[in-house]
Amino acid sequence: MTNKKIIMTSRPTGLPKESNFSLQEDSQASLNQGQIRLKTLWLSLDPYMRGRMSAAKSYTAGMNEGNVMTGEIIGKVTESESKKFPEGSIVLTRSGWQSEPVVGENEVSLVDPRIDPLSLALGTIGMPGLTAYFSLTRIGKPKKGETIVVSAGSGAVGATVGQIGKHLGCKVVGIAGSDEKVKYMVDDLNFDAGVNYKKETFKEDLKSSTAEGCDIYFDNVGGPVTDAVLDRLNTFSRVIVCGQISQYNNLKNEDGPRNFHKFLRNQAKLEGFIVYRWAEEYQEGIDFLLKLKESGFLKYRETVVEGIENAPEAFLKLFSGENFGKLLIKVAE
(Lines of atoms letter the chains of each structure in order from A and count residues from 1; the text may use other names and numbers.)
(Lines give C-alpha, C1' and ligand atoms only; values in the text may rest on other atoms or scores of the structure.)
Protein backbone atom coordinates (compact mmCIF):
# COMPACT_ATOMS: atom_id res chain seq x y z
CA MET A 1 0.00 0.00 0.00
CA THR A 2 1.20 3.51 -0.80
CA ASN A 3 0.04 6.96 0.21
CA LYS A 4 -0.85 9.26 -2.69
CA LYS A 5 -0.39 12.92 -1.90
CA ILE A 6 -0.66 16.21 -3.76
CA ILE A 7 2.31 18.53 -3.19
CA MET A 8 2.49 22.28 -3.77
CA THR A 9 5.61 22.38 -5.91
CA SER A 10 5.57 26.14 -6.54
CA ARG A 11 3.70 29.20 -5.32
CA PRO A 12 1.16 30.49 -7.82
CA THR A 13 1.35 33.97 -9.26
CA GLY A 14 -2.22 35.06 -9.76
CA LEU A 15 -4.55 32.18 -10.49
CA PRO A 16 -3.23 28.75 -9.47
CA LYS A 17 -2.34 26.36 -12.29
CA GLU A 18 -2.11 22.60 -12.37
CA SER A 19 1.66 23.05 -12.79
CA ASN A 20 1.80 24.36 -9.19
CA PHE A 21 0.99 20.84 -7.99
CA SER A 22 2.41 17.34 -8.33
CA LEU A 23 1.17 13.88 -7.41
CA GLN A 24 3.64 11.85 -5.36
CA GLU A 25 3.52 8.46 -3.69
CA ASP A 26 5.39 7.13 -0.68
CA SER A 27 5.45 3.82 1.12
CA GLN A 28 3.52 3.54 4.35
CA ALA A 29 5.57 3.81 7.52
CA SER A 30 4.82 1.84 10.67
CA LEU A 31 2.79 3.59 13.39
CA ASN A 32 4.10 4.99 16.64
CA GLN A 33 2.12 4.94 19.87
CA GLY A 34 -0.86 7.30 19.65
CA GLN A 35 -0.92 7.38 15.85
CA ILE A 36 -3.61 6.16 13.46
CA ARG A 37 -3.65 5.42 9.74
CA LEU A 38 -6.61 6.62 7.74
CA LYS A 39 -8.21 5.85 4.42
CA THR A 40 -9.39 9.21 3.13
CA LEU A 41 -13.02 9.01 2.04
CA TRP A 42 -13.77 12.68 1.32
CA LEU A 43 -11.55 15.73 0.81
CA SER A 44 -12.85 19.29 1.09
CA LEU A 45 -11.76 21.98 -1.39
CA ASP A 46 -12.18 25.54 -0.10
CA PRO A 47 -11.22 29.08 -1.19
CA TYR A 48 -9.09 29.71 1.92
CA MET A 49 -6.54 27.24 0.55
CA ARG A 50 -5.42 29.83 -2.00
CA GLY A 51 -4.30 32.11 0.83
CA ARG A 52 -2.27 29.31 2.39
CA MET A 53 -0.36 28.96 -0.88
CA SER A 54 0.85 32.55 -0.60
CA ALA A 55 3.83 33.81 1.38
CA ALA A 56 1.74 36.77 2.59
CA LYS A 57 0.95 37.12 6.30
CA SER A 58 -2.31 35.44 7.30
CA TYR A 59 -4.19 34.24 10.38
CA THR A 60 -2.29 30.95 10.28
CA ALA A 61 0.99 29.71 8.88
CA GLY A 62 1.10 29.28 5.13
CA MET A 63 2.52 26.35 3.20
CA ASN A 64 6.00 26.07 1.83
CA GLU A 65 6.95 24.62 -1.52
CA GLY A 66 7.18 20.86 -1.13
CA ASN A 67 4.41 20.68 1.48
CA VAL A 68 1.30 18.52 1.14
CA MET A 69 -1.67 20.72 0.18
CA THR A 70 -3.66 21.70 3.22
CA GLY A 71 -7.25 20.66 3.74
CA GLU A 72 -9.84 18.90 5.86
CA ILE A 73 -10.79 15.29 5.22
CA ILE A 74 -13.15 12.60 6.42
CA GLY A 75 -11.27 9.37 6.94
CA LYS A 76 -11.80 5.82 8.17
CA VAL A 77 -9.29 4.41 10.64
CA THR A 78 -7.64 1.39 9.02
CA GLU A 79 -4.86 0.84 11.56
CA SER A 80 -4.55 2.20 15.06
CA GLU A 81 -2.10 2.58 17.90
CA SER A 82 -4.64 4.69 19.78
CA LYS A 83 -7.17 3.60 22.37
CA LYS A 84 -9.30 6.66 21.51
CA PHE A 85 -9.81 5.76 17.85
CA PRO A 86 -10.07 2.03 17.10
CA GLU A 87 -10.13 0.61 13.58
CA GLY A 88 -13.34 1.49 11.77
CA SER A 89 -13.76 4.90 13.43
CA ILE A 90 -14.90 7.71 11.09
CA VAL A 91 -13.02 10.92 11.82
CA LEU A 92 -12.33 14.49 10.74
CA THR A 93 -8.79 15.80 10.48
CA ARG A 94 -6.69 18.34 8.59
CA SER A 95 -4.23 15.90 7.01
CA GLY A 96 -4.52 17.57 3.60
CA TRP A 97 -4.58 16.08 0.13
CA GLN A 98 -3.50 12.51 0.92
CA SER A 99 -5.08 9.11 0.36
CA GLU A 100 -3.64 7.17 3.35
CA PRO A 101 -2.37 9.72 5.91
CA VAL A 102 -0.89 8.92 9.30
CA VAL A 103 -1.96 11.35 12.04
CA GLY A 104 -1.74 11.69 15.80
CA GLU A 105 -4.75 10.94 17.98
CA ASN A 106 -4.87 14.56 19.14
CA GLU A 107 -5.26 15.78 15.55
CA VAL A 108 -8.60 14.10 14.87
CA SER A 109 -12.21 14.18 16.06
CA LEU A 110 -15.06 11.75 15.55
CA VAL A 111 -17.70 12.62 12.96
CA ASP A 112 -21.12 13.07 14.57
CA PRO A 113 -22.93 9.81 13.72
CA ARG A 114 -26.15 11.71 13.04
CA ILE A 115 -24.65 13.35 9.95
CA ASP A 116 -25.95 11.67 6.80
CA PRO A 117 -24.75 11.71 4.11
CA LEU A 118 -21.22 11.71 5.46
CA SER A 119 -20.02 14.40 3.05
CA LEU A 120 -22.13 16.98 4.92
CA ALA A 121 -19.54 16.88 7.72
CA LEU A 122 -17.28 18.84 5.32
CA GLY A 123 -20.07 21.09 4.06
CA THR A 124 -23.42 22.24 5.36
CA ILE A 125 -22.96 20.61 8.78
CA GLY A 126 -19.20 21.04 8.79
CA MET A 127 -16.85 23.99 8.65
CA PRO A 128 -18.83 25.97 6.01
CA GLY A 129 -22.12 25.51 7.87
CA LEU A 130 -20.55 26.40 11.21
CA THR A 131 -18.96 29.44 9.57
CA ALA A 132 -22.40 30.57 8.43
CA TYR A 133 -24.16 29.87 11.73
CA PHE A 134 -21.74 31.46 14.16
CA SER A 135 -20.81 34.53 12.16
CA LEU A 136 -24.41 35.35 11.27
CA THR A 137 -25.79 34.85 14.76
CA ARG A 138 -22.85 36.23 16.75
CA ILE A 139 -21.79 39.15 14.55
CA GLY A 140 -24.84 39.83 12.38
CA LYS A 141 -27.40 39.27 15.18
CA PRO A 142 -30.30 39.28 12.71
CA LYS A 143 -33.71 40.55 13.77
CA LYS A 144 -36.99 39.45 12.24
CA GLY A 145 -37.88 41.61 9.24
CA GLU A 146 -34.33 42.75 8.50
CA THR A 147 -32.76 42.38 5.05
CA ILE A 148 -29.69 40.19 4.59
CA VAL A 149 -27.61 40.39 1.41
CA VAL A 150 -25.17 37.51 0.86
CA SER A 151 -22.57 37.34 -1.91
CA ALA A 152 -21.65 33.94 -3.36
CA GLY A 153 -25.13 33.01 -2.20
CA SER A 154 -25.21 29.65 -3.97
CA GLY A 155 -21.96 28.47 -2.38
CA ALA A 156 -21.62 26.24 0.68
CA VAL A 157 -21.35 29.11 3.16
CA GLY A 158 -23.62 31.61 1.42
CA ALA A 159 -26.46 29.15 0.87
CA THR A 160 -26.44 28.25 4.57
CA VAL A 161 -26.31 31.91 5.64
CA GLY A 162 -29.34 32.70 3.50
CA GLN A 163 -31.38 29.76 4.75
CA ILE A 164 -30.60 30.50 8.39
CA GLY A 165 -31.65 34.08 7.71
CA LYS A 166 -34.96 32.93 6.27
CA HIS A 167 -35.48 30.62 9.24
CA LEU A 168 -35.01 33.61 11.55
CA GLY A 169 -37.61 35.67 9.69
CA CYS A 170 -35.38 37.89 7.54
CA LYS A 171 -35.61 38.91 3.91
CA VAL A 172 -32.69 37.39 2.01
CA VAL A 173 -31.15 38.60 -1.25
CA GLY A 174 -28.44 36.42 -2.78
CA ILE A 175 -25.76 37.43 -5.28
CA ALA A 176 -24.24 34.90 -7.69
CA GLY A 177 -22.51 34.74 -11.07
CA SER A 178 -25.06 33.03 -13.32
CA ASP A 179 -28.80 32.96 -13.96
CA GLU A 180 -28.77 29.24 -13.08
CA LYS A 181 -27.37 30.00 -9.65
CA VAL A 182 -29.82 32.85 -9.15
CA LYS A 183 -32.68 30.49 -9.99
CA TYR A 184 -31.32 27.93 -7.52
CA MET A 185 -31.18 30.50 -4.72
CA VAL A 186 -34.76 31.61 -5.27
CA ASP A 187 -36.45 28.34 -6.25
CA ASP A 188 -34.54 25.82 -4.13
CA LEU A 189 -33.16 27.81 -1.22
CA ASN A 190 -36.22 30.08 -0.94
CA PHE A 191 -34.29 33.34 -1.01
CA ASP A 192 -36.57 36.32 -1.59
CA ALA A 193 -34.49 37.53 -4.53
CA GLY A 194 -31.33 36.77 -6.44
CA VAL A 195 -29.05 39.04 -8.47
CA ASN A 196 -26.49 38.13 -11.15
CA TYR A 197 -23.41 40.31 -10.63
CA LYS A 198 -22.16 39.61 -14.17
CA LYS A 199 -25.10 41.43 -15.77
CA GLU A 200 -24.74 45.05 -16.83
CA THR A 201 -27.87 45.81 -14.81
CA PHE A 202 -26.37 44.41 -11.59
CA LYS A 203 -26.45 47.64 -9.60
CA GLU A 204 -29.97 48.46 -10.70
CA ASP A 205 -31.14 44.90 -9.97
CA LEU A 206 -29.52 45.02 -6.54
CA LYS A 207 -31.20 48.34 -5.78
CA SER A 208 -34.64 47.10 -6.77
CA SER A 209 -34.17 43.89 -4.77
CA THR A 210 -33.18 45.87 -1.66
CA ALA A 211 -35.70 48.69 -1.83
CA GLU A 212 -35.65 48.86 1.99
CA GLY A 213 -31.85 48.81 2.08
CA CYS A 214 -29.49 46.26 3.62
CA ASP A 215 -29.21 45.56 7.34
CA ILE A 216 -26.68 42.70 7.16
CA TYR A 217 -24.21 42.11 4.35
CA PHE A 218 -22.43 38.76 4.42
CA ASP A 219 -19.36 39.30 2.26
CA ASN A 220 -17.73 36.27 0.63
CA VAL A 221 -16.17 38.00 -2.37
CA GLY A 222 -14.95 41.58 -1.85
CA GLY A 223 -14.15 43.78 -4.84
CA PRO A 224 -16.75 45.59 -6.97
CA VAL A 225 -19.63 43.42 -5.70
CA THR A 226 -18.98 44.59 -2.17
CA ASP A 227 -18.63 48.20 -3.32
CA ALA A 228 -22.11 47.96 -4.82
CA VAL A 229 -23.68 46.46 -1.70
CA LEU A 230 -22.14 49.14 0.55
CA ASP A 231 -24.29 51.67 -1.34
CA ARG A 232 -27.35 49.89 0.08
CA LEU A 233 -26.40 49.94 3.79
CA ASN A 234 -28.96 51.03 6.34
CA THR A 235 -28.27 52.84 9.61
CA PHE A 236 -26.69 50.48 12.17
CA SER A 237 -26.11 47.82 9.52
CA ARG A 238 -23.54 45.06 9.99
CA VAL A 239 -21.02 43.89 7.39
CA ILE A 240 -19.60 40.41 8.06
CA VAL A 241 -16.36 39.75 6.19
CA CYS A 242 -16.07 36.01 5.63
CA GLY A 243 -14.04 35.79 2.42
CA GLN A 244 -12.57 37.84 -0.42
CA ILE A 245 -12.43 35.29 -3.22
CA SER A 246 -12.30 37.96 -5.92
CA GLN A 247 -8.99 39.14 -4.43
CA TYR A 248 -7.20 35.90 -3.51
CA ASN A 249 -5.35 35.82 -6.82
CA ASN A 250 -4.68 39.56 -6.88
CA LEU A 251 -2.55 40.01 -3.77
CA LYS A 252 -0.18 42.57 -5.29
CA ASN A 253 -2.99 44.86 -6.46
CA GLU A 254 -5.80 44.18 -4.01
CA ASP A 255 -9.04 45.96 -4.83
CA GLY A 256 -10.45 47.07 -1.49
CA PRO A 257 -13.30 49.34 -0.44
CA ARG A 258 -12.78 53.02 -1.10
CA ASN A 259 -15.98 54.11 0.56
CA PHE A 260 -15.46 53.85 4.31
CA HIS A 261 -17.38 57.11 4.69
CA LYS A 262 -20.51 54.98 4.22
CA PHE A 263 -19.74 53.18 7.47
CA LEU A 264 -19.48 56.53 9.22
CA ARG A 265 -22.62 57.92 7.63
CA ASN A 266 -24.65 54.79 8.43
CA GLN A 267 -23.04 54.08 11.82
CA ALA A 268 -22.38 50.62 10.38
CA LYS A 269 -20.16 47.89 11.80
CA LEU A 270 -17.55 45.99 9.78
CA GLU A 271 -16.10 42.82 11.31
CA GLY A 272 -13.98 40.00 9.98
CA PHE A 273 -13.68 36.64 11.69
CA ILE A 274 -12.16 33.19 11.66
CA VAL A 275 -14.61 30.42 12.55
CA TYR A 276 -12.19 28.81 15.02
CA ARG A 277 -13.11 31.67 17.37
CA TRP A 278 -16.16 29.60 18.32
CA ALA A 279 -14.48 26.18 18.37
CA GLU A 280 -15.61 25.49 21.93
CA GLU A 281 -19.22 26.01 20.83
CA TYR A 282 -19.24 23.89 17.68
CA GLN A 283 -21.69 21.35 19.10
CA GLU A 284 -24.33 24.07 19.39
CA GLY A 285 -23.94 24.85 15.70
CA ILE A 286 -24.00 21.20 14.66
CA ASP A 287 -27.18 20.59 16.67
CA PHE A 288 -28.87 23.65 15.14
CA LEU A 289 -27.94 22.71 11.57
CA LEU A 290 -28.94 19.06 12.01
CA LYS A 291 -32.34 20.09 13.36
CA LEU A 292 -32.85 22.48 10.45
CA LYS A 293 -31.89 19.77 7.96
CA GLU A 294 -34.10 17.14 9.59
CA SER A 295 -37.06 19.52 9.41
CA GLY A 296 -36.61 19.67 5.64
CA PHE A 297 -35.81 23.39 5.71
CA LEU A 298 -32.07 23.26 5.04
CA LYS A 299 -31.15 22.44 1.44
CA TYR A 300 -27.69 21.95 -0.04
CA ARG A 301 -25.92 21.12 -3.26
CA GLU A 302 -22.55 19.46 -3.86
CA THR A 303 -20.11 19.27 -6.76
CA VAL A 304 -18.27 15.95 -6.44
CA VAL A 305 -15.09 15.03 -8.35
CA GLU A 306 -13.71 11.51 -8.02
CA GLY A 307 -10.04 10.70 -7.45
CA ILE A 308 -7.41 12.55 -5.42
CA GLU A 309 -5.30 12.92 -8.56
CA ASN A 310 -8.03 15.24 -9.90
CA ALA A 311 -7.94 17.59 -6.91
CA PRO A 312 -5.72 20.27 -8.55
CA GLU A 313 -7.96 20.59 -11.61
CA ALA A 314 -11.07 20.63 -9.41
CA PHE A 315 -9.56 23.26 -7.10
CA LEU A 316 -9.29 25.71 -9.99
CA LYS A 317 -13.09 25.55 -10.41
CA LEU A 318 -13.45 27.56 -7.20
CA PHE A 319 -12.00 30.62 -8.92
CA SER A 320 -13.81 30.28 -12.23
CA GLY A 321 -17.24 29.76 -10.66
CA GLU A 322 -17.69 26.38 -12.36
CA ASN A 323 -18.50 24.56 -9.13
CA PHE A 324 -21.99 24.63 -7.68
CA GLY A 325 -22.43 24.50 -3.92
CA LYS A 326 -19.85 22.61 -1.87
CA LEU A 327 -16.83 21.28 -3.84
CA LEU A 328 -15.60 17.85 -2.74
CA ILE A 329 -13.20 15.15 -3.84
CA LYS A 330 -14.48 11.60 -3.35
CA VAL A 331 -11.28 9.68 -2.65
CA ALA A 332 -12.58 6.25 -1.65
CA GLU A 333 -15.70 4.36 -0.59
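The sequence shown begins at -12 in the working numbering and counts up by one.
Every residue gets a Cβ at the ideal spot worked out from N, C-alpha and C, and that includes glycine.
Bear in mind the structure is a predicted one, so any value in this text is a computation, not a measurement.
- For the pair of segments examined, the region 254 to 261 was found not to touch the region 283 to 302: the number of CB pairs separated by less than 8 Å stays below three.
- Annotated as proximal: S122 and C229, with beta-carbon spacing under 8 Å.
- Residue V226 holds the alpha-carbon nearest to the alpha-carbon of K128 among G161, F275, E281, V226.
- Rounded to the nearest angstrom, the Cβ distance from S41 to G49 is 6 Å, consistent with a contact under 8 Å.
- The C-alpha of G116 lies about 7 Å from the C-alpha of A143.
- S31 has L315 as its beta-bridge partners, per DSSP.
- Your pair G91 and Q22 checks out as a contact, with CB atoms roughly 6 Å apart and the cut at 8 Å.
- The shortest C-alpha to C-alpha distance from Y269 to any of I112, K313, H154 is the one to I112.
- DSSP places N253 in the uninterrupted alpha helix (DSSP H) bounded by 248 to 253.
- Assignment of D175 by DSSP, reduced to helix, strand and coil, places it in the coil class.
- Secondary structure at L25: strand, using DSSP grouped into helix, strand and coil.
- Between the beta-carbon of M36 and that of G58 there is about 6 Å, and that keeps the pair under the 8 Å contact cut.
- Counting only residues of its own chain and dropping the five nearest sequence neighbours on each side, E66 has a CB closer than 8 Å to the CB of L18, I23, R24, E74.
- Under the DSSP definition of a beta bridge, R225 partners with I203, K256.
- Remark: C-beta atoms of Q15 and I(-6) do not approach each other more closely than 8 Å.
- Cα atoms of A198 and A139: separation of roughly 20 Å, rounded to the nearest angstrom.
- Straight-line measurement puts the Cα of V95 at about 10 Å from the Cα of I77.
- N93 and S195 have their C-alpha atoms spaced approximately 51 Å apart.
- Closest in C-alpha terms to S165, from the list I151, V182, N177, Q150, comes V182.
- In the three-state reduction of the DSSP assignment, D166 falls in the helix class.
- Taking the CA atoms as reference points, C201 sits about 13 Å from D214.
- The residues I(-6), T(-4), in chain order, have a CB closer than 7 Å to that of S9 in the same chain once the five nearest residues on each side in sequence are set aside.
- One thing to note: P299 has its Cβ within 8 Å of the Cβ of E5.
- Taking V318 as reference, the option from H154, V64, W84, V55 with the minimal CA-CA separation is W84.
- F8 is bridged by DSSP to M(-5).
- Under the three-state reduction of DSSP output, N(-10) falls in the strand class.
- Looking at the DSSP output, V64 shares a beta bridge with L25.
- Taking every protein chain shown into account, the CB of F72 has 16 or more other CB atoms within 10 angstroms, so this residue is buried.
- Listed as beta-bridge partners of V78 by DSSP are G62, L97.
- Its Cα nearest to that of H248, the residue L220 stands out among E267, Y263, L220.
- Considering only W29, S282, L2, the residue with the shortest C-alpha distance to E87 is W29.
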